[in-house]
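Comments concern the structure below.
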Amino acid sequence: MTALLDVKNLSTHFFTPAGVIKAVDDVTFQLGEGETLGLVGESGCGKSVTALSIMRLVPDPPGRIVGGSMEFMGRDLRTLTDPEMRDIRGRSIGMIF
Ligand SMILES: Nc1ncnc2c1ncn2[C@@H]1O[C@H](COP(=O)(O)OP(=O)(O)OP(=O)(O)O)[C@@H](O)[C@H]1O
Ligand SMILES: [Mg+2]
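675 is the number of the first residue of the sequence shown in our numbering; add one for each residue after it.
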């Protein structure tokens, strides 16, 4: 069965004057319909940037998704147009800040 959300080898980096921060480094997980997934880890380990990457809301610059794939209901979130992505954000994927 296809996962609802399929994240493979996701890497998101921040290119700062002080150097490259590998905020998300090769992260892979799947989420099925009806499932709940919690990401747990110490402060700064990349939980928020993982979520922001899926929403395509990483501030660019300095941040950029540099590798991996993110599929939602079989659609490649990395290559959707901005209007398509806005539609998904409004209807299918939400974020409580
Ligand atoms: N806009 C940014 N510019 C530079 N570095 C950033 C930026 N946003 C996040 N980072 C860095 O990315 C890394 C991951 O941060 P993130 O906010 O994802 O951590 P977190 O796991 O959500 O932490 P917390 O539990 O404190 O919320 C950290 O090293 C952070 O300093
Ligand atoms: Mg956070």
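Where is the CB? At the ideal position from N, CA and C, for every residue including glycine.
Predicted model, so just to flag it, every value in this text is computed and none were measured.
Which of helix, strand or coil does DSSP assign to residue i?
| i | result |
| --- | --- |
| E745 | strand |
| V723 | helix |
| R765 | helix |
| I770 | coil |
| R760 | helix |
Can we count residue i as close to ligand 2, meaning its CB is less than 6 angstroms from some heavy atom?
| i | result |
| --- | --- |
| S727 | no |
| K721 | yes |
From the DSSP output, which residues share a beta bridge with residue i?
| i | result |
| --- | --- |
| V694 | F689 |
Leaving out the 5 sequence neighbours to the left and right, which residues in its chain are closer than 6 angstroms to residue i when beta-carbon positions are compared?
| i | result |
| --- | --- |
| V740 | S685, H687 |
Starting from the Cα of residue i, find the closest Cα among the options and give me that residue.
| i | options | result |
| --- | --- | --- |
| M744 | G737, R738, R752 | R752 |
| K696 | G768, G737, G764 | G737 |
| G748 | T690, N683, Q704, V723 | Q704 |
| F746 | M729, D734, S722 | M729 |
| T676 | G706, D700, N683 | G706 |
Under 6 angstroms from any heavy atom of ligand 1, does the C-beta of residue i make it?
| i | result |
| --- | --- |
| P736 | yes |
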